[in-house]
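K.L.:
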Amino acid sequence: MIATIVQWKEMWQTVVASVGAGVGITFAFSVGIWGSGQFIELSRGDRQGAATAAGIVALLAFVAVAAAVIVGILVMTQK
Amino acid sequence: MSSDVILVIVVATALAFDFTNGFHDTANVVATSISTGAARPQVAIGFASLLNFIGAFISISVAATVAKDVVDAEVITPTIVFAGLIGAIAWNLVTWYFGLPSSSSHALIGGVVGSAVAAAGLDAVLAEGLVGKVLIPAVVAPIVAFLVAGLAIGLSYRVVGKQRPGIVTRGYRYGQIVSSGLLALAHGTNDAQKTMGVITLALIAGGKLGAEADPPTWVIVASATAIALGTYSGGWRIIKTTGTRIIKMDAAQGFSAQGAGAAVILASTHFGFPLSTTHVINGGVMGSGAAKRLSAVRWGVAGNIVVAWVLTLPAAAAIGALTYGVTRIFGTGALGPVLVTLMALSLVVAAFARRARQGAPVEAASA
Numbered sequence: 139m140i141a142t143i144v145q146w147k148e149m150w151q152t153v154v155a156s157v158g159a160g161v162g163i164t165f166a167f168s169v170g171i172w173g174s175g176q177f178i179e180l181s182r183g184d185r186q187g188a189a190t191a192a193g194i195v196a197l198l199a200f201v202a203v204a205a206a207v208i209v210g211i212l213v214m215t216q217k
Numbered sequence: 083m084s085s086d087v088i089l090v091i092v093v094a095t096a097l098a099f100d101f102t103n104g105f106h107d108t109a110n111v112v113a114t115s116i117s118t119g120a121a122r123p124q125v126a127i128g129f130a131s132l133l134n135f136i137g138a139f140i141s142i143s144v145a146a147t148v149a150k151d152v153v154d155a156e157v158i159t160p161t162i163v164f165a166g167l168i169g170a171i172a173w174n175l176v177t178w179y180f181g182l183p184s185s186s187s188h189a190l191i192g193g194v195v196g197s198a199v200a201a202a203g204l205d206a207v208l209a210e211g212l213v214g215k216v217l218i219p220a221v222v223a224p225i226v227a228f229l230v231a232g233l234a235i236g237l238s239y240r241v242v243g244k245q246r247p248g249i250v251t252r253g254y255r256y257g258q259i260v261s262s263g264l265l266a267l268a269h270g271t272n273d274a275q276k277t278m279g280v281i282t283l284a285l286i287a288g289g290k291l292g293a294e295a296d297p298p299t300w301v302i303v304a305s306a307t308a309i310a311l312g313t314y315s316g317g318w319r320i321i322k323t324t325g326t327r328i329i330k331m332d333a334a335q336g337f338s339a340q341g342a343g344a345a346v347i348l349a350s351t352h353f354g355f356p357l358s359t360t361h362v363i364n365g366g367v368m369g370s371g372a373a374k375r376l377s378a379v380r381w382g383v384a385g386n387i388v389v390a391w392v393l394t395l396p397a398a399a400a401i402g403a404l405t406y407g408v409t410r411i412f413g414t415g416a417l418g419p420v421l422v423t424l425m426a427l428s429l430v431v432a433a434f435a436r437r438a439r440q441g442a443p444v445e446a447a448s449a
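Top to bottom, those sequences are chains A and B.
All residue numbers for the first sequence refer to the working numbering, where the first residue is 139 and numbers rise by one.
All residue numbers for the second sequence refer to the working numbering, where the first residue is 83 and numbers rise by one.
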């Protein structure tokens, strides 16, 4: 009886979206922090090329986080 | 005339519940930010209440579930909704009094189900909606939040493990401003909708709205305002339990716990599942602690919280049923709800006065 009551499709989509967003955003943000840290370290060590690359990685990661948050909120307002 | 008086009392009681919901759940939203030093308490709470307000306007899927899928609107009367609300408020106050982060949402649904069963028997309950949209998600959501937070913090430590601690802590503290904002938004959209759903149910039962009606705009605005004011008023006792007593967390753990909580609540809200934000964020907090070290979680405190969770539905249902019985002693008019409201207000004032004398909020604020 329970098997017919549970909305499996919606439940599954909820779990997938939660895991994707929760883990993905945290991972991307962590990459952003890593890139920022590397940028500071490498800039101090006078390795400008590597520092710039790390800075770009950080920037892309933070942009990805911002984009994911905005898309998530937009999806919420669509229903 | 009498039914209009009851409806006014129900709406006022629902908004009072919404206020206590915000008050009770402030901790869920801001505790991790405060305990990791990401934000000062008053700033975090002000920010959370603003985003609670905004969040209430995002969706009405959960309101529709509460209004149409849990109990049979055909047999519900405004008095039944009133008794359910009193059951929820009473249980919220009891758990607030003892500093336990139980679920306001399950208290609300438990209270309404209990009073509906007392009034119209088990046929009043829509088992499919109650089990499929409330009970199963209630079990699944905190587990998913636990796993997401655990997985997220594990990955984070791997990524930033060799960085200088200063920049990592600062980075995650900034990140917590975003993650706590998202969590506040999620809380506003899921929890305020429960009140919208209950008021809509009462308006349908009172013949003021059609059976398939969505919440009117004034209901959405009033619910958003009540929960935001409640959140701003804060619940320091539960902030202390959630923020420091389950685990001592660092900024990365706070970020992953809030991120996991926000993701689970927002995804669930999209599909109309009226989740407990309390269950979800505590699942996230425990997951982020357990992933670092199982012994980091104070399992005794976590166990007390689980007991409160398990008790919430039946306890609120019992109080709701009892309240309905008491109101019926005075007939089907407005006298019963008026007298019960006066009694409830007296208990609320007594509880707040007793807590104020004990001075707990000041102690918790400095924790």
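Cβ atoms here follow ideal geometry from the backbone N, Cα and C, with glycine treated the same way.
So what does DSSP say about valine 207 of chain B, is it helix, strand or coil?
P.N.:
If you number the second sequence from 1, residue 207 of chain B lands on position 125. Here valine 207 of chain B sits in strand by DSSP.
K.L.:
Alpha carbons only, please: which of B/Pro123, B/Gly341 and B/Val152 is nearest the one belonging to leucine 212 of chain B?
P.N.:
By 1-based counting over the second sequence, the position of residue 212 of chain B is 130. Here the closest residue by C-alpha is B/Val152.
K.L.:
Which bits of chain E does isoleucine 194 of chain A rub up against, with CB to CB less than 8 angstroms?
P.N.:
Structure shown: chain E not included; protein chains present are A and B.
K.L.:
Determine whether the Cβ of leucine 237 of chain B lies closer than 7 angstroms to any Cβ atom of chain A.
P.N.:
Stepping through the second sequence from its first residue, residue 237 of chain B is reached at position 155. Chain A contact via Cβ: present.
K.L.:
Taking the alpha carbon of threonine 114 of chain B as the point to measure from, which residue in B/Thr394, B/Leu429, B/Gln335 and B/Val408 has its own alpha carbon closest?
P.N.:
Here residue 114 of chain B refers to the residue found at position 32 when the second sequence is read from its first residue. Residue B/Gln335 is the option with its Cα nearest to threonine 114 of chain B.
K.L.:
By the criterion of Cβ-Cβ separation under 9 angstroms, what are the contact partners of threonine 271 of chain B in chain A?
P.N.:
Numbered from its first residue, the second sequence carries residue 271 of chain B at position 189. What threonine 271 of chain B touches in chain A: Met214.
K.L.:
Please name the residue in B/Ser350, B/Leu208, B/Ala155 and B/Leu237 whose C-alpha comes closest to that of isoleucine 171 of chain A.
P.N.:
By 1-based counting over the first sequence, the position of residue 171 of chain A is 33. Of the candidates B/Ser350, B/Leu208, B/Ala155 and B/Leu237, the one whose C-alpha sits nearest the C-alpha of isoleucine 171 of chain A is B/Leu237.
K.L.:
Are any of the Cβ atoms in chain A nearer than 7 angstroms to that of glycine 214 of chain B?
P.N.:
Locating residue 214 of chain B in the second sequence gives position 132, where the first residue counts as 1. Chain A contact via Cβ: present.
K.L.:
Helix, strand or coil for valine 153 of chain B? Go by DSSP, reduced to three states.
P.N.:
Here the question's residue 153 of chain B lines up with position 71 in the second sequence. Strand.
K.L.:
Using 10 angstroms around the beta-carbon of arginine 439 of chain B, count the other beta-carbons present and answer buried if the total reaches 16, otherwise exposed.
P.N.:
Position 357 of the second sequence, counting from 1, holds the residue named residue 439 of chain B. By the 10 Å Cβ count, arginine 439 of chain B comes out exposed.
K.L.:
When the distance is taken between beta carbons, is alanine 170 of chain B closer than 7 angstroms to alanine 452 of chain B?
P.N.:
In this structure chain B extends from 83 to 449, so residue 452 of chain B is not present and cannot be described.
K.L.:
Going along chain B, which residues have a C-beta under 7 angstroms from serine 156 of chain A?
P.N.:
Walking along the first sequence from the start, residue 156 of chain A turns up at place 18. What serine 156 of chain A touches in chain B: Val226, Val230, Ala345, Val346 and Ala349.
K.L.:
Classify lysine 147 of chain A as buried or exposed, calling it buried when 16 or more other Cβ atoms lie within 10 Å of its own Cβ.
P.N.:
Translated into positions along the first sequence, residue 147 of chain A becomes position 9. Flag for lysine 147 of chain A reads exposed.
K.L.:
For the structure I just gave you, are there three or more beta carbon pairs, one from the stretch 191-204 of chain B and one from the stretch 119-130 of chain B, closer than 8 angstroms?
P.N.:
Taking 8 angstroms as the limit for Cβ pairs, the verdict is that the stretch 119-130 of chain B does not touch the stretch 191-204 of chain B.
K.L.:
Quick check on glycine 288 of chain B: does DSSP put it in helix, strand or coil?
P.N.:
Numbered from 1 along the second sequence, position 206 holds the residue referred to as residue 288 of chain B. Correct three-state label for glycine 288 of chain B: coil.
K.L.:
Among residues of its own chain, excluding the 5 on either side of alanine 196 of chain A, which ones have a beta-carbon nearer than 7 angstroms to its beta-carbon?
P.N.:
If you number the first sequence from 1, residue 196 of chain A lands on position 58. So the qualifying residues of the chain are Gly170, Gly173, Ser174 and Phe177.
K.L.:
Which ranges does the alpha helix (DSSP H) cover as unbroken runs of at least 4 residues, wholly within the stretch 343-392 of chain B, from first to last along the chain?
P.N.:
Listed in chain order, the complete alpha helix (DSSP H) runs (minimum 4 residues) inside the stretch 343-392 of chain B are 359-374.
K.L.:
If distances are taken between C-alpha atoms only, which option among B/Ala295, B/Gln275 and B/Phe164 comes closest to glycine 354 of chain B?
P.N.:
One-based indexing of the second sequence puts residue 354 of chain B at position 272. Ranking B/Ala295, B/Gln275 and B/Phe164 by Cα distance to glycine 354 of chain B puts B/Gln275 first.
K.L.:
Decide if valine 444 of chain B is buried, meaning its Cβ has at least 16 other Cβ atoms within 10 Å, or exposed.
P.N.:
The residue labelled residue 444 of chain B in the question sits at position 362 within the second sequence. Note on valine 444 of chain B: pLDDT 38, under 50, position unreliable in the model; the coordinate value appears next. It is exposed - the Cβ of valine 444 of chain B has fewer than 16 other Cβ atoms within 10 Å.
K.L.:
Could you tell me whether the Cβ of glutamine 258 of chain B comes closer than 7 angstroms to any Cβ of chain A?
P.N.:
As a position in the second sequence, residue 258 of chain B is number 176, starting the count at 1. False, the Cβ-Cβ gap to chain A never drops below 7 angstroms.
K.L.:
Does valine 221 of chain B pass the burial test, meaning 16 or more other C-beta atoms within 10 Å, or should it be called exposed?
P.N.:
Residue numbering aside, residue 221 of chain B sits at position 139 when the second sequence is read from its first letter. It counts as exposed.
K.L.:
Rounded to a whole number of angstroms, what is the C-alpha to C-alpha distance between glycine 257 of chain B and histidine 269 of chain B?
P.N.:
Along the second sequence, one-based indexing puts residue 257 of chain B at 175. Along the second sequence, one-based indexing puts residue 269 of chain B at 187. Distance between the alpha carbons of glycine 257 of chain B and histidine 269 of chain B is about 18 angstroms.
K.L.:
By a C-beta neighbour count over all protein chains shown, 10 Å radius and 16 as the cutoff for buried, is leucine 429 of chain B buried or exposed?
P.N.:
Position 347 of the second sequence, counted from the start, is the residue given in the question as residue 429 of chain B. Classification of leucine 429 of chain B: exposed, given that the 10 Å Cβ count is below 16.
K.L.:
Alpha helix (DSSP H) containing glutamate 148 of chain A: first to last residue?
P.N.:
For this step, residue 148 of chain A is matched to residue 10 along the first sequence. Counting along the chain, the alpha helix (DSSP H) containing glutamate 148 of chain A begins and ends at 146-182.
K.L.:
Identify, in the order they occur along the chain, each residue of the same chain with its Cβ nearer than 6 angstroms to the Cβ of alanine 339 of chain B, setting aside the five sequence neighbours on each side.
P.N.:
Translated into the one-based positions of the second sequence, residue 339 of chain B becomes position 257. These residues qualify, in order along the chain: Thr114, Ala231, Gly366, Val367 and Ser370.
K.L.:
Quick one: which residues of the stretch 167-201 of chain A get their C-beta closer than 9 angstroms to a C-beta of chain B? List them in chain order.
P.N.:
Cβ contacts with chain B come from Phe167, Ser168, Val169, Gly170, Ile171, Trp172, Ser174, Gly175, Gln176, Ile178 and Glu179.
K.L.:
With a cut-off of 8 angstroms on the beta carbons, I'd call serine 131 of chain B and tyrosine 314 of chain B a contact; round off their distance for me.
P.N.:
What you label residue 131 of chain B is simply residue 49 of the second sequence in a count that begins at 1. What you label residue 314 of chain B is simply residue 232 of the second sequence in a count that begins at 1. Contact holds; Cβ gap of about 4 angstroms.
K.L.:
Give me, in chain order, the residues of the same chain whose beta-carbon lies closer than 6 angstroms to that of valine 92 of chain B; leave out the 5 immediate sequence neighbours on both sides.
P.N.:
One-based indexing of the second sequence puts residue 92 of chain B at position 10. Contacts found: Pro160, Val163, Phe164 and Ala284.
K.L.:
Whole angstroms is fine: what's the gap from threonine 118 of chain B's alpha carbon to serine 262 of chain B's?
P.N.:
Reading the second sequence from its first residue, position 36 is the one you call residue 118 of chain B. Reading the second sequence from its first residue, position 180 is the one you call residue 262 of chain B. Those two C-alpha atoms are separated by around 12 angstroms.
K.L.:
Between the C-alpha atoms of serine 399 of chain B and glutamate 179 of chain A, what's the straight-line distance to the nearest angstrom?
P.N.:
Translated into the one-based positions of the second sequence, residue 399 of chain B becomes position 317. Translated into the one-based positions of the first sequence, residue 179 of chain A becomes position 41. It should be pointed out that residue 399 of chain B corresponds to alanine in this sequence rather than to serine. If you take the alpha carbons of alanine 399 of chain B and glutamate 179 of chain A, they lie about 59 angstroms apart.
K.L.:
Output yes or no for whether 7 angstroms exceeds the beta carbon distance between valine 362 of chain B and glycine 385 of chain B.
P.N.:
Counting from 1 along the second sequence, the entry for residue 362 of chain B is found at position 280. Counting from 1 along the second sequence, the entry for residue 385 of chain B is found at position 303. The answer is no: Cβ separation not under 7 angstroms.
K.L.:
Using the C-alpha atoms, what's the distance from isoleucine 411 of chain B back to glycine 418 of chain B?
P.N.:
For this step, residue 418 of chain B is matched to residue 336 along the second sequence. For this step, residue 411 of chain B is matched to residue 329 along the second sequence. Cα-Cα distance, rounded: 7 angstroms.
K.L.:
Measure the C-alpha to C-alpha separation of leucine 198 of chain A and isoleucine 302 of chain B and round it to an integer number of angstroms.
P.N.:
By one-based count along the first sequence, residue 198 of chain A stands at place 60. By one-based count along the second sequence, residue 302 of chain B stands at place 220. Taking the straight line joining both Cα atoms gives about 38 angstroms.
K.L.:
Would you report the Cα separation of glutamine 216 of chain A and alanine 266 of chain B, rounded to the nearest angstrom?
P.N.:
Locating residue 216 of chain A in the first sequence gives position 78, counting from the first residue. Locating residue 266 of chain B in the second sequence gives position 184, counting from the first residue. Looking at the two C-alpha atoms, the distance is approximately 19 angstroms.
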